[in-house]
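Counting with this note's numbering, you get residues 1 to 272 for the letters of the sequence shown.
Even glycine gets a Cβ: it sits at the ideal position worked out from N, Cα and C.
Everything numeric in this text was worked out from a predicted model, so none of it was measured.
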Amino acid sequence: MRFFDSHSHLQGARFDEDREAVLARAAAAGADTIVVCGEDVASSEAAVALDARTDHPRLLATAGFHPHEAAQATEDALDRIEELARKSPVAAIGEIGLDFYRDLAPRHVQRQVFDAQLAIAARLGLPVSVHSRDAEGELQPHLARFANESPLPGQGRALGALHAFGGTLEQARKYVEMGFLVSLTCSAGYPRNDEARLVAAGLPLASLLIETDSPALPPQARRGTRNEPANVRVAAEVVADARGISIEAVAAATTANAEALFSAIPAMEASA
Ligand SMILES: [Zn+2]
């Protein structure tokens, strides 16, 4: 069985001591591809550097400013993200979005920086990896503009992933209608997370992705520890249980969905 971990932060300092061992465990667990997401310029550059690694598992980089870092996203810094994404084989612009739970940057700044990065993604024809917390209902106007400007729908491709989705099934359905995929984490298995299991059961399988968001959101049995991509199987199990289907079916569908979403990357490598 092959799994596609569509969101992680493997370039972070919490993996500096044992990153190769973490990657070996991921490979042994069938986590064939792992997306490594940027949160600012330095972490996006570090993700791109990891992407150049040729061993198994395959690593794909994204570049972008997390909403927590939005106050640091000067015009110059956003230009560097765009340049990085132009010159390197990044799989998506991300992670970008709105976080009205921790509010680490003023909300109007978060919105401006989100829009600026959606515009970069539209210009480059890249999908986006979207973070939202206590802002699931607020994404709509931003994402609707992106849906209009992006060339991806015209190519029959999805617009991006709503990562670690924490909203309602009704909200998830709206974003699926707009052309986004919805990504669930191991936290969908937490006892109080009934809504995530409704999302897992209620969306078409063709609209779902799985991820670990490592080092965050470890499986229920390992709460309080560092999460790692080898645990992506747990997210697949939660989705399989919620839908009453096999984990093999979830692994196959979510891998195919993720491959199609991030498919610019093999194409760029092939032409290089
Ligand atoms: Zn993340």
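For the stretch 223-266, which segments carrying the beta strand (DSSP E) assignment without a break, of at least 3 residues, lie completely within its bounds, in sequence order? none
Can you give the Cα-Cα distance for residue 168 and residue 135, rounded to whole angstroms? 11 Å
Verify the contact flag: residue 186, CB atom, against every heavy atom of ligand 1, threshold strictly below 7 Å. no
Does the Cβ of residue 15 have 16 or more other Cβ atoms within 10 Å, making it buried, or fewer, making it exposed? buried
Assuming residue 235 and residue 212 make a contact with CB atoms under 8 Å, what is their CB distance in whole Å? 7 Å
Using 10 angstroms around the beta-carbon of residue 104, count the other beta-carbons present and answer buried if the total reaches 16, otherwise exposed. exposed
Among 91, 69 and 76, which one has its Cα closest to the Cα of residue 52? 91
What residues in its chain sit with their C-beta under 6 Å from that of residue 223, if we drop five residues either side in the sequence? none
Spatial neighbours of residue 25 in its chain, beta-carbon cut-off 6 Å, leaving aside the 5 residues before and after: 230
If I measure Cβ to Cβ from residue 66 and keep anything under 6 Å in the same chain, skipping five residues before and after, which residues do I get? 39 and 95
Spatial neighbours of residue 207 in its chain, beta-carbon cut-off 7 Å, leaving aside the 5 residues before and after: 176, 181 and 182
Looking only at C-alpha atoms, which of 155, 81, 43 and 11 sits nearest to residue 262? 155
Reduced DSSP secondary structure (H/G/I, E/B, other) of residue 189: helix
Counting Cβ pairs closer than 8 Å, one from the stretch 102-120 and one from the stretch 139-153, do we hit at least three? yes
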